[in-house]
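So the structure is just underneath, and the comments pick up after that.
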Amino acid sequence: MKQNRIPAEAAPVVPDNVVALADHRPPQDGAENDAERWRERLAAEAGIATAEFAIVTFAAVAFAGLLVAILSSGDVSEMLMALVRKALQA
């Protein structure tokens, strides 16, 4: 039975600024098997940084929308205009 293997040159490159979320030390039961497991783990997490970026971007857009809704409400708008008028009169 032939095993599926990821060639060493096709293994994903992990940037130095990526924070490890789990202990990725390969098991110590066999050197060849360890390398294969290591490559499989890295390949499985290849899109995590992109997903995190998308989540943070979505949260920032949602917060900006909430801020626009609050600042454009009547009471807040009047309060801000009063603050600007007071600052201009001083």
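The sequence shown: position 9 = 9 (the UniProt record's numbering), numbered continuously.
C-beta: ideal position from N, C-alpha, C; glycine also.
When only Cα atoms are considered, N33 and E52 end up about 30 Å apart. For S77, the uninterrupted alpha helix (DSSP H) run begins and ends at 74-89, by DSSP.
If you look at G65, you'll find it in the alpha helix (DSSP H) that goes 48-71. With contacts defined by Cβ atoms closer than 7 Å, V76 and I70 form a contacting pair. In the three-state reduction of the DSSP assignment, D16 falls in the coil class.
As the crow flies, the alpha-carbon of L88 is around 29 Å from that of G65.
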